[in-house]
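Undergrad: Heads up: the sequence shown is residues 488 to 828, going by our numbering. Idealized CB from N, CA, C, for every residue including glycine.
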Amino acid sequence: MISLRPATRADTQAINRIYNQPSVRRFTDGLPFTSLTESARFCCSTEARISLLACGTDGAVLGEASLGRRSLARLAHTGSLGLMVAEEARRQGIARTLLTALLDMADNWLNLKRLDLGVFVNNEAAIMLYKSIGFEIEATPRHYAMQDGVLADCHFMARLRPSVAVDQSRPPPRPAPTARKPFTLRAVEPEDIAALAEIMNQPGVRHGTLVTPFVTEESLKHIVQPEDGSHVIGAVVEGRLTGFAMLTPGKGRRLHSAYLPALVVHDAYHGQGIGHALLAAALDIADNWLGLARVDLAVMADNHHAIRLYETFGFEAEGRIRGDVFCNGAYADSLTMARLR
Ligand SMILES: CC(C)(COP(=O)(O)OP(=O)(O)OC[C@H]1O[C@@H](n2cnc3c(N)ncnc32)[C@H](O)[C@@H]1OP(=O)(O)O)[C@@H](O)C(=O)NCCC(=O)NCCS
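#1: When every heavy atom of ligand 1 is checked, does at least one fall within less than 6 Å of the C-beta of M644?
#2: With DSSP collapsed to three states, give me the class of L539.
#3: At 3 residues or longer, what runs of the beta strand (DSSP E) sit wholly inside the region 537 to 612?
#4: Buried or exposed: which applies to F607, given that a residue is buried once 16 or more other Cβ atoms fall within 10 Å of its Cβ?
#5: Enumerate in chain order the residues of its own chain whose CB-to-CB distance from G543 is below 6 Å, with the five nearest sequence positions on each side excluded.
#6: Who does I808 pair with in a DSSP beta bridge?
#7: Would you mind stating whether S553 and S538 have Cβ atoms separated by less than 7 Å?
#8: Buried or exposed for I502, going by 16 or more other Cβ atoms inside 10 Å?
#9: Below 8 Å, how does it come out for the region 746 to 765 and the region 690 to 698: are there three or more Cβ pairs, yes or no?
#10: Return the CA-CA distance between Y746 and H763, expressed in angstroms with no decimal places.
#11: Taking 6 Å as the cut-off, is the C-beta of A639 nearer than that to any heavy atom in ligand 1?
#12: Please go through the same chain and pick out, in chain order, the residues whose beta-carbon is closer than 6 Å to the beta-carbon of V653, but skip the five residues on each side of it.
#13: Within 10 angstroms of the Cβ of P669, are there 16 or more other Cβ atoms? Answer buried if so, exposed if not.
#14: Within 10 Å of its beta-carbon, does R826 have 16 or more other beta-carbons around it, so buried, or fewer, so exposed?
#15: Provide the residue(s) that pair with V511 in DSSP beta bridges, ordered along the chain.
#16: Count the CB pairs spanning the region 520 to 536 and the region 488 to 496 that are closer than 8 Å, and state whether there are at least three.
#17: Roughly how many angstroms lie between the CA atoms of T521 and D789, to the nearest whole one?
#18: Here's the rule: buried if 16 or more other CB atoms are within 10 angstroms of the residue's CB, otherwise exposed. What is L602?
#19: I464 bridges to which residues according to DSSP?
#20: Skipping 5 residues on each side, what residues in its chain have a beta carbon closer than 6 Å to that of L647?
#21: Tell me whether G580, by its Cβ, gets closer than 6 Å to a heavy atom of ligand 1.
#22: If you run the structure through DSSP and keep just helix, strand and coil, what is A666?
#23: May I ask you to list the residues that DSSP assigns as paired with I720?
#24: Could you have a look at A645 and say whether DSSP puts it in helix, strand or coil?
#25: By alpha-carbon positions, which one of R556, Q579, A576 ends up nearest to L590?
#26: Relative to the alpha-carbon of C531, which residue among H743, D771, E704 has its alpha-carbon at the smallest distance?
#27: Find the nearest neighbour of H709 within the set A612, G605, T584, V675, judged by alpha-carbon distance.
#28: Tell me which residues share the same chain as H718 and place their Cβ nearer than 6 Å to its Cβ, disregarding the 5 neighbours each side in the sequence.
#29: Could you tell me the distance, in whole angstroms, from the CA atom of L672 to the CA atom of I761?
#30: Does ligand 1 have even one heavy atom less than 6 Å from the beta-carbon of M787?
#31: Report all residues from its chain with a CB closer than 7 Å to the CB of Q634; omit the five preceding and five following residues, and keep chain order.
#32: Looking at chain B, is there any beta carbon in it that lies within less than 7 Å of the beta carbon of D594?
#33: Quick one: residues in its chain with C-beta nearer than 8 Å to the C-beta of I620, no 5 flanking neighbours on either side, listed in chain order?
#34: I need the straight-line Cα distance from P628 to V637, nearest angstrom please.
#35: Would you give the residue range spanned by the beta strand (DSSP E) that I624 belongs to?
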């Protein structure tokens, strides 16, 4: 069984090991004896360069695929792919599994229109794979790079996003309700980061928030250690964080108000009153401890459960933002809601 997860700095050694294997070097841009320091530059999944690892049942890293996003505004719709699988783990479908996850990310969550890559013309395995998932050869630059002691030719291949018929009314995934368990509320702490990452990687949570698949712990640090004065309240079941609410007080001429950037409950704990309790606690801070006059938020327009919850606490929709968020293959509307005291 292969599982996928984002790469972190702690994976540098494992990635470096594969990158230095002779057959990987031969078909990539690696040089002999690539150091850990050099590898560390690209061994961490970030917004700009998503790096996915394929791991075996024992946790060993067996492959890596990356999706680099271009920062120039006029190239922001494009991305480039990189791929390697450990010599001892080939022909088990690892490369295909990694690329399938990255294509889903590019098509359905990041809205990239074009993916490209470079591949040596004698890399038959990779070319077969890329063709089978829709990549086409666009150019064959001659004497492109050194390989086996000679200047070798390379193919530039690209895949344009297939136009898909999108069902705009597709409901967000709803997990089956589980048995109720007692929960308590407390402040969220830095030690909660792993549990938080698990929450943010739930399909239902993703649908209702702005996160992409395979979100990293690193990218969630602003929640467990906020530096903008946000209040973050967690719900805990059997010692484990299962949801949180975040309240960010306004600044300057918006000192009277706060924004609720997140109210999130783990998919397996929906329908148990946790979201209700978290929202009540956040509004208690706003009303009774900060004396705020206004709390506002944004919610996906098809997130009827959340909208109903907000209305219970007196939030009203103030407008509909059309095509605000790209979500699972489609542009989705959001509602902006506010509650005045
Ligand atoms: C290319 C590479 C990533 C394939 O990894 P893999 O995990 O063995 O590939 P998969 O098992 O997922 O196979 C996917 C497809 O690749 C192709 N493929 C893989 N190995 C192949 C081989 N030895 N001969 C022909 N086709 C092959 C097939 O189309 C296969 O689909 P199929 O199993 O339905 O026939 C791996 O050989 C590798 O890491 N090579 C060195 C680094 C590299 O070349 N990276 C790409 C740089 S552009």
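TA: The answer reads as follows:
#1: no
#2: strand
#3: 548 to 556, 565 to 572, 601 to 607
#4: buried
#5: L549
#6: S821
#7: yes
#8: buried
#9: yes
#10: 17 Å
#11: no
#12: Unreliable positioning characterises V653 in this predicted model, as indicated by a pLDDT of 49, which lies under 50. A coordinate reading is not provided.
#13: exposed
#14: buried
#15: Answer by DSSP bridge pairing: none, since V511 is not bridged.
#16: yes
#17: 49 Å
#18: buried
#19: Here the chain comprises residues numbered 488 to 828, so residue 464 is not present and cannot be evaluated.
#20: R601
#21: yes
#22: coil
#23: A674, A732
#24: strand
#25: R556
#26: E704
#27: V675
#28: L734, I772
#29: 9 Å
#30: no
#31: R513, F607
#32: Among the chains in the structure shown there is no chain B, since it carries only a single protein chain.
#33: R583, L586, T587, L590, R646
#34: 14 Å
#35: 623 to 626
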